[in-house]
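Visitor: Going by our numbering, the sequence shown runs without a break in its numbering and finishes at 501. Note that the Cβ used here is the ideal one computed from N, Cα and C, for glycine as well.
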Amino acid sequence: MSKTTMSRRGFLGAGAQLGMLGTMSALGLLGMPRTAKAAPVSDYKALVCVYLFGGNDGNNMIVPLDSAHYSAYNAIRSGQGLALSVNAKTLLAERSARTSTGVDQPFAFHYGMPEIDALYGQGMVAGLLNVGNLRKPLTKPEYQSGAGVPPQLFSHPDQNVQNQAGTPSAAGTGWGGRLVDALGNGGHLDAVSVGAGGLFVEGMSNHGNLLPGNGQLDLAGMNFWPQSEADTRRAALLQLLSAQNPNVIAEAANKSLLNGMDLVKDLKAANAGSPLSTVFPGYSLAQQLKTVAQLIRLRSTQGPGRQVYFVSLGGFDTHGGQAYQQFDMLRQVSQSIAAFQQALNEIHAEQMVTTFTMSDFGRSLQPNSGGTDHGWGNHHLIIGAGVKGGLYGSFPDFVLGGKDDATGRGVWIPQISNQQYGATLGRWFGAEPDLLENQVFKNELTNFSVKDLGFMV
């Protein structure tokens with residue numbers, strides 16, 4: 045049966061008219077038509093994006109402890125009670141890393157992240173410093189003149205779209221989806237958002253599936269006794285959906301629902317195995333990652349291929365109450381990722397999967413009343429057995445109004461671009477340099493001299 049290509053958003057309105065019972069309307073969204081293709085890879089790998097909605101304050105997630113930076117940090121942040129310290133145990137024990145710029149950099153993680161700190165000690169965490177949304181390398185005079193500056197820098201919705209797209213230019217796809225377009229099999233599980241939708245997994249030919257956080261889906265009205273009657277009803281529905289329909293919208297809707305029914309089979313298979321022995325916390329993010337682990341366990345046994353996943357946690361827009369709120373959010377991130385990593389070890393997929401963070405933007409080093417405002421450059425984490433642990437890039441100078449500060453409030457001009465970040469992960473994923481430059485990050489990766497930041501094996 046041939047499959048048409050239709051955007052997920054475009055189908056939502058049509059799918060709502062079908063009047064299917066229970067979760068069937070959701071399956072129209074989940075089982076989007078896709079173009080099947082042979083896998084050009086010989087192994088299995090997955091990328092898992094953990095998106096921190098609201099703009100995580102990276103300045104307090106990874107804190108430099110050299111005297112120049114830490115003195116400035118304390119002077120700027122102490123007045124509102126946001127400065128963290130090792131002595132007050134709001135920072136974890138001091139670490140040191142030789143950065144990619146050749147500097148021995150002392151630093152510490154936020155005290156809400158002891159599990160991430162422990163993984164760092166095992167060489168499985170990289171910190172990427174001052175990365176953000178760029179078109180090309182940008183100096184402060186260029187920013188002030190407006191030359192090459194991405195649009196709508198401090199807007200949550202705009203930056204969410206641009207970060208996941210991997211470009212400030214107009215794009216209807218995400219860079220994870222574009223990687224799967226090039227390297228995936230075109231299967232139902234190639235591109236998956238769990239809990240909330242993400243442009244990151246949307247490609248041109250491979251359209252992302254959206255699953256509930258617990259990964260549980262079925263057709264309402266199909267589970268009753270006797271089983272033979274339920275099977276008869278299911279067969280009748282399949283026959284109706286498979287019939288040719290002259291109405292283009294109805295035909296696309298029917299094919300989407302058929303794909304959704306196939307997806308349900310995959311989900312049932314993922315849940316049919318023995319339960320994971322890894323104990324996940326009750327947090328939403330942890331349960332999303334548990335679903336991802338179950339799906340990876342299923343897909344990784346099915347042969348070569350590629351998957352991209354999008355999971356998320358909100359609450360990082362900390363204009364006030366940041367001292368506790370960010371602690372609580374980062375605690376959830378740390379515990380959830382640690383459980384996920386343990387589950388990957390359990391299912392023997394630790395070498396096949398890399399997890400990484402993204403967020404709307406960083407936040408201003410200069411606080412307001414109990415919180416921080418929208419920023420730009422931010423720090424991110426990359427976690428996995430394929431990671432070369434350490435710090436990559438360099439901290440901004442922490443001088444208000446200095447060369448790294450766009451606005452005078454500690455809003456850092458990124459020194460590393462999202463394209464470089466994504467290309468480094470894409471290279472580990474199996475993408476060749478020309479594919480990354482000409483298709484995944486078309487017309488922009490070429491603007492940066494360093495295409496591989498070195499944090500992956």
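Sort Thr451, Ala137, Lys180 and Glu186 by Cα distance to alanine 162 and report the nearest one.
Guide: Closest by alpha carbon: Ala137.
Visitor: For the 8 Å Cβ check, are there 3 or more pairs between the region 186-204 and the region 461-478?
Guide: The region 186-204, when compared against the region 461-478, does not touch it at the 8 Å Cβ threshold.
Visitor: By alpha-carbon positions, which one of Ser328, Thr401 and Val323 ends up nearest to leucine 388?
Guide: Leucine 388 has its Cα closest to that of Val323, out of Ser328, Thr401 and Val323.
Visitor: What's the C-alpha gap between serine 378 and alanine 330?
Guide: Approximately 10 Å, taken between the alpha carbons.
Visitor: Jot down the residue ranges of each uninterrupted beta strand (DSSP E) in the region 367-421, minimum 3 residues, whole runs only, in chain order.
Guide: Taking only runs of at least 3 residues, the beta strand (DSSP E) segments lying wholly in the region 367-421 are 397-403.
Visitor: Whether or not the region 109-121 and the region 363-382 are in contact is what I'm after, with contact meaning three or more pairs of Cβ atoms, one per stretch, closer than 8 Å; do they touch?
Guide: No, the region 363-382 is not in contact with the region 109-121.
Visitor: On the premise that asparagine 207 lies in contact with aspartate 404, defined as a C-beta separation below 8 Å, what is that separation, rounded to the nearest angstrom?
Guide: With a Cβ gap of about 7 Å, aspartate 404 and asparagine 207 count as contacting.
Visitor: Let's test the definition: count the other Cβ atoms within 10 Å of the Cβ of leucine 489 and tell me whether it reaches 16, buried, or not, exposed.
Guide: Burial call: buried.
Visitor: Just to confirm, are threonine 399 and glycine 434 a CB contact at a threshold of 7 Å?
Guide: No, the pair does not count as a contact, with Cβ atoms beyond the cut-off.
Visitor: For aspartate 148, which beta-bridge partners are listed by DSSP?
Guide: Aspartate 148 pairs with Arg142.
Visitor: Confirm, please, whether the CB-CB distance from arginine 350 to leucine 227 is below 7 Å.
Guide: In this structure, arginine 350 lies closer than 7 Å to leucine 227 by Cβ.
Visitor: Exposed or buried, which one is glutamate 246 when buried takes at least 16 other CB atoms within 10 Å?
Guide: It is buried - the Cβ of glutamate 246 has at least 16 other Cβ atoms within 10 Å.
Visitor: How is isoleucine 426 classed by DSSP in three states: helix, strand or coil?
Guide: Here isoleucine 426 sits in strand by DSSP.
Visitor: Assign histidine 113 to one of two classes, buried (16 or more other C-beta atoms within 10 Å of its C-beta) or exposed (fewer than that).
Guide: Counting Cβ neighbours within 10 Å, histidine 113 comes out buried, since at least 16 surround it.
Visitor: Assuming phenylalanine 499 and threonine 468 are in contact, meaning their beta carbons sit under 8 Å apart, how far apart are those beta carbons, in whole angstroms?
Guide: Right, their Cβ atoms sit about 6 Å apart.
Visitor: Thinking just about the alpha-carbon of each residue, which of Val175, Cys93 and Met168 is nearest to the one in glycine 241?
Guide: Per the Cα distances, Cys93.
Visitor: Rank Pro212, Gln260 and Gln385 by C-alpha distance to the C-alpha of glutamine 166 and give the top, closest one.
Guide: Here the closest residue by C-alpha is Gln385.
Visitor: Taking just the CA atoms, how far does glycine 421 sit from glutamate 394?
Guide: Taking the straight line joining both Cα atoms gives about 30 Å.
Visitor: Is the distance from the Cβ of phenylalanine 360 to the Cβ of glycine 102 below 7 Å?
Guide: No.
Visitor: Look at glycine 414 and tryptophan 472 and say whether their C-beta atoms are less than 7 Å apart.
Guide: Going by C-beta atoms, glycine 414 is not nearer than 7 Å to tryptophan 472.
Visitor: Going by other Cβ atoms of all chains shown within 10 Å of its Cβ, with 16 needed for buried, is phenylalanine 485 buried or exposed?
Guide: With 16 or more Cβ atoms within 10 Å of its Cβ, phenylalanine 485 is classed as buried.
Visitor: DSSP on valine 308, reduced to helix/strand/coil?
Guide: Residue state, collapsed to three classes: helix.
Visitor: Between the region 452-461 and the region 175-188, do three or more beta carbon pairs fall short of 8 Å?
Guide: Because the criterion of three Cβ pairs below 8 Å is met, the region 452-461 and the region 175-188 touch.
Visitor: Could you give the distance in angstroms between the alpha-carbon of glycine 218 and the alpha-carbon of serine 272?
Guide: Roughly 43 Å between the two C-alpha positions.
Visitor: How about leucine 109 and alanine 152: do their beta carbons lie closer than 7 Å?
Guide: Yes, Cβ-Cβ distance for leucine 109 and alanine 152 is below 7 Å.
Visitor: Considering only their Cβ atoms, is the gap separating phenylalanine 442 from tyrosine 117 smaller than 7 Å?
Guide: Yes.
Visitor: Measure the alpha-carbon distance for leucine 497 versus leucine 479 and round it to whole angstroms.
Guide: Spanning the two alpha carbons is a distance of roughly 17 Å.
Visitor: Please name the residue in Ser115, Val147, Met157 and Gln149 whose C-alpha comes closest to that of lysine 133.
Guide: Closest option to lysine 133, Cα to Cα, is Met157.
Visitor: Go ahead and pull the three-state DSSP assignment for glycine 466.
Guide: In this structure, glycine 466 counts as helix in the three-state DSSP scheme.
Visitor: Between glutamine 332 and valine 355, is the Cβ-Cβ spacing less than 7 Å?
Guide: Against a cut-off of 7 Å, the Cβ pair of valine 355 and glutamine 332 comes out as a contact.
Visitor: Going by C-alpha to C-alpha distance, which of Arg375, Ala191, Tyr95 and Tyr88 sits closest to asparagine 204?
Guide: Nearest C-alpha to asparagine 204: Tyr95.
Visitor: Taking 7 Å as the limit between beta carbons, can you name the residues of its chain near proline 84, skipping five residues before and five after?
Guide: Counting only Cβ-Cβ distances below 7 Å, and skipping sequence neighbours, we find Leu227.
Visitor: Return the first residue and the last residue of the alpha helix (DSSP H) that proline 185 is part of.
Guide: Start and end: 184-189.
Visitor: Of the choices Met248, Asp225 and Phe268, whose alpha-carbon is the least far from that of glycine 216?
Guide: Of the candidates Met248, Asp225 and Phe268, the one whose C-alpha sits nearest the C-alpha of glycine 216 is Met248.
Visitor: Can you give me the C-alpha to C-alpha distance between lysine 432 and asparagine 291, rounded to a whole angstrom?
Guide: So the two alpha carbons sit approximately 54 Å from each other.
Visitor: Please determine, among Pro181, Ala316, Ser115 and Arg139, the residue with the shortest C-alpha to C-alpha distance to valine 494.
Guide: Comparing Cα positions, the closest option is Pro181.
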